[in-house]
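Read through the structure below, which is laid out as structure tokens, and then see the notes.
Residue numbers (the numbering used here), protein chains in the order written: chain C, -9 to 303; chain U, 51 to 510.
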């Protein structure tokens, strides 16, 4: 204890505190970082107004109902109503199906494409632009393009399949293939960003690791397995988490390609159901309740995922 | 008694007094309108009033926009104390934006809405009760407006809005394709068997032409299911509105008709999942023979999609036992002052509710190249209806004979079911199942839909 008391640092503190104290420690910190705080105020205010406040309102509205202009507290009634909705479970099944299919294609494919691009010696920049181009197209334009491609009568995909003497498909017109078709369009639309992120991660891997593995006689697949994947594990796991959160909130693609529901409700997703509650049925309480269920579900999943990832490290 | 209770009592007394005076004013009026003796409902010429109104025609419709501005100028000559601020929109209502506006209370003072929006508008607490202000003195045609149309703006005996347009669903068909297929363009089908037979002949033309088209997405499948069920004599819900009523012989017949045309006759094409306005696009492209719709679909096909009035005709709803009614009008924002409500009613009377003026000034419409002769709106009865139809016939610019079958066949109009959008969403799935699954089990589909609609009605 004496040693601590006698340390120069503590002495200095004692010396300062013996003098006049126009401001407290917090006040001094505030004064020292005034500029930084001023810059922060705008961002914090924006977050508070456009992110946090709506979230708080959502939680509040989830327990309220408005009838004839009067808003009343209804306890868990909205949650009971949405969970008894005839399409509640179908919407969750469809959403999970989209997420799983999107993981198979939307997660794995960009990684493979990024590895391919990274291995190229020539035209890498051009190909990178080519891969990123779909992201620059407005989503509505991309979706309308695919709507034409999927047309069973005169669409591009069936024309190609016919030319190859392969069986054609009903694509968006069949409950069996509608969701798969949506995944194809969504993967094409969103792949570019993921490829760029993976490419950046791949290029940060030290070249010596590859050289060493090549000297050990490793082929491409073994290099990917033993060098690329372990070295990009962090970014891969982060992208996986972000992709699951993003795909669980799928809306634009299904809304524009199939009108939301799709054949026999095969593309009705949870977010589309929320949209319907709010903007078609004018039931903002039920929409908020479903939003809260989804928020809690995704938050729980994210926490579990991060914990499992940490434990596996 | 608490102060708040006292205030409530005072307010209730005032409302009762107003109600009594209104009732007194209305006594002797069999249509429920005022007797016209209440001068307090007339707009005070000395009061400066400002109102905002939406659904002004956009700049992309120059003739309609000019008419709107001219009408405001003409209105201001009569009512110089009223300032009208217009807000343009096309379409006049975007359901998602409208729902958000209602929630936030950011709509204009007089706001456009569909007949079916009454429940949502009242639930949002956004509509003013205009009952006592709507009298034959303030709305010259008050007693000639079809009471069933005013009913769509009425809840618990209170009037909340006034109509602008109304329609009855029917069968829209492509006269050109009818001619090419050897069908009589002046005799549209009136039963579903005739529709199926005509569809077969039209599809036989080939070149990707479909005989009949149907919506099945974005709630429009359920909407059309309702219209077609009414045509067959069925009902969506029981009289008390508490149970689904479509799982009967009519509902099964309707779905069987669609299934046969889609999978046996193959007259509906491979592409399904259509929603409004997809079928208008295919019809203008000359690829659709028939579909169920309203007269203003033809306006859209001509004005927006550049079709030709001569190519389209309209027949009554197949089955002929009932036709789904629809339409739109204006509500009054709850926060309006009495003077603003009076000014708003005066504007609507001038622009939308007087034969020979505003939207009914057919001589002007003809001169401006706008269509005259469409069988909508048709919310007048009695002398106003006669005057309106005479004017329309005098200045008709479109081939009105193309609508003869639709106009001359008396089909009773029926309103949409309660919680229409929720019910339509359920039936969307049913219709899309029939149109996308060759092996669809109609009995099972209807049973599932019935259970789901019963759940919707129970939860409401």
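Don't be surprised by glycine CBs; every beta carbon is placed ideally from N, CA and C. It should be emphasised that the depicted structure is a prediction, and the values quoted were computed from it without experimental measurement.
Around the CB of residue 55 of chain C, 16 or more other CB atoms lie within 10 Å, so the residue is classed as buried. For residue 243 of chain C, the uninterrupted alpha helix (DSSP H) run begins and ends at 242 to 248, by DSSP. Membership of residue 498 of chain U in the alpha helix (DSSP H) is indicated by the continuous run 492 to 509.
For residue 119 of chain C, the enclosing alpha helix (DSSP H) begins and ends at 114 to 126. Of U:148, U:164, U:175, the smallest CA-CA separation from residue 157 of chain U is found for U:148. DSSP places residue 180 of chain C within a helical segment (H, G or I) once states are collapsed to three. Looking at the backbone, the Cα of residue 254 of chain C and that of residue 190 of chain C are separated by about 42 Å. Under the three-state reduction of DSSP output, residue 100 of chain C falls in the helix class. For the pair of segments examined, the region 300 to 315 of chain U was found to touch the region 483 to 501 of chain U: the number of CB pairs separated by less than 8 Å reaches three. Annotation for residue 218 of chain C: 105, 192, 195 place their beta carbon closer than 8 Å to its own, counting only its chain and skipping 5 residues before and after.
The three-state secondary structure of residue 218 of chain U, taken from DSSP, is strand. Our two residues, residue 48 of chain C and residue 389 of chain U, have alpha carbons roughly 37 Å apart in a direct line. DSSP assignment within the region 385 to 445 of chain U yields no whole beta strand (DSSP E) run of 3 residues or more. Membership of residue 332 of chain U in the alpha helix (DSSP H) is indicated by the continuous run 328 to 334. DSSP places residue 231 of chain U in the coil class of the three-state scheme, outside both helix and strand.
In this structure, residue 358 of chain U lies near residue 352 of chain U, with their beta-carbon atoms less than 8 Å apart. For residue 376 of chain U, no alpha helix (DSSP H) segment is defined; the enclosing uninterrupted segment is the beta strand (DSSP E) at 373 to 382. Counting only unbroken stretches of 4 or more residues, the alpha helix (DSSP H) elements lying wholly within the region 133 to 175 of chain C are 146 to 153, in sequence order. A direct Cα-to-Cα measurement between residue 330 of chain U and residue 227 of chain C gives close to 48 Å.
Relative to the Cα of residue 332 of chain U, the nearest Cα in the group U:497, U:421, U:263 belongs to U:263. Taking a Cβ-Cβ threshold of 7 Å, the residues of chain C close to residue 476 of chain U are 76, in chain order. At a cut-off of 8 Å, the C-beta of residue 149 of chain U has a neighbouring C-beta in chain C. Shown here, residue 90 of chain U sits in a helix according to DSSP, grouped into three states.
Counting along the chain, the unbroken alpha helix (DSSP H) around residue 153 of chain U starts and ends at 145 to 154.
In terms of Cβ geometry, residue 418 of chain U and residue 117 of chain U form a close pair [threshold 8 Å].
Close partners of residue 354 of chain U in chain C (Cβ separation under 7 Å) are lacking, with about 18 Å as the shortest Cβ gap. Nearest to residue 99 of chain U by alpha-carbon distance, out of U:203, U:393, U:459, is U:393. At a Cβ-Cβ threshold of 8 Å, residue 97 of chain C and residue 233 of chain C count as neighbours.
Between the beta-carbon of residue 410 of chain U and that of residue 213 of chain U there is about 13 Å, and that puts the pair past the 8 Å contact cut.
Of the candidates U:318, U:237, U:299, U:221, the residue whose Cα lies closest to the Cα of residue 274 of chain U is U:221.
If you draw a 10 Å sphere on the C-beta of residue 126 of chain C, you find fewer than 16 other C-beta atoms in it, and that means exposed. Residue-level contact by beta carbon holds for residue 320 of chain U and chain C, with a gap shorter than 8 Å. Cβ neighbours of residue 365 of chain U within its own chain (closer than 7 Å, five residues either side excluded): 220, 221, 223, 238, 239, 240, 455, 456. If you draw a 10 Å sphere on the C-beta of residue 328 of chain U, you find 16 or more other C-beta atoms in it, and that means buried. Each of U:401, U:452, U:112 was checked against the Cα of residue 380 of chain U, and the nearest Cα belongs to U:401. Counting along the chain, residue 163 of chain U sits inside the beta strand (DSSP E) bounded by residues 160 to 164.
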